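Peer 1: Adding 44 to a residue's 1-based position in the sequence shown gives its number in my numbering. Every residue, glycine too, gets a C-beta built ideally from N, C-alpha and C. Keep in mind the model is a prediction, meaning the values are calculated, not measured.
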Amino acid sequence: MNVTLLAPAQHELDEAIAWYAAQAPGLGDAFLVETLKTITLITRHPQAWHPLSPQTRRCRLSRFPYSVIYSLDGDDLLVIAIAHQHRKPGYWRKRL
45 MNVTLLAPAQ
55 HELDEAIAWY
65 AAQAPGLGDA
75 FLVETLKTIT
85 LITRHPQAWH
95 PLSPQTRRCR
105 LSRFPYSVIY
115 SLDGDDLLVI
125 AIAHQHRKPG
135 YWRKRL
């Protein structure tokens, strides 16, 4: 499966990594590893998580209060957002 992050999703990932890195040594790296594990899990079982709309789904990270918002198109996984679970719900919908 091909994985693509929209530019705003990449920016969110970079910002979250930087914020966690500033909180404690190694925490930014831990956030990145957790995000990559979640994306890998999605590629293995893309239909397994909560549908937000007919085109989008959400998979929550285990250790951090973030979700990977994604859509599928055949063998392509498009990451729409790396969304904090307690901020502006649905803000990413305008990216579709």
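Among the candidates V112, L116, I83, L85, whose CA atom is the shortest distance from the CA of P98?
Peer 2: As a first step, residue 98 is located in the sequence shown; it is residue number 54 there, counting from the start. For P98, the nearest C-alpha among the options comes from L116.
Peer 1: Counting only runs of 4+ residues fully inside the stretch 72 to 96, write out the alpha helix (DSSP H) ranges in chain order.
Peer 2: none
Peer 1: Could you name the residues of the same chain whose beta carbon sits closer than 8 Å to that of Y64, not counting the 5 residues immediately before and after it, in chain order?
Peer 2: For the purposes of this step, residue 64 is taken as the residue at position 20 of the sequence shown. So the qualifying residues of the chain are L71, G72, A74, F75, F108.
Peer 1: Using the Cβ count rule (16 or more neighbours within 10 Å means buried), how would you classify E59?
Peer 2: Counting from one through the sequence shown, the residue named residue 59 turns up at place 15. With fewer than 16 other Cβ atoms within 10 Å, it is exposed.
Peer 1: How long is the line joining the alpha carbons of S111 and P69, rounded to whole angstroms?
Peer 2: In the sequence shown, residue 111 corresponds to position 67, counting from 1. In the sequence shown, residue 69 corresponds to position 25, counting from 1. C-alpha separation (whole angstroms): 23 Å.
Peer 1: Could you say which of A127, R139, R131 lies nearest to L57 if we only look at CA atoms?
Peer 2: Here residue 57 refers to the residue found at position 13 when the sequence shown is read from its first residue. Ranking the options by Cα distance to L57, first place goes to A127.
Peer 1: Considering only the alpha carbon of each residue, which of T82, A62, L140, R88 lies closest to I124?
Peer 2: Along the sequence shown, one-based indexing puts residue 124 at 80. Comparing C-alpha distances from I124 to each of T82, A62, L140, R88 shows the shortest one belongs to L140.
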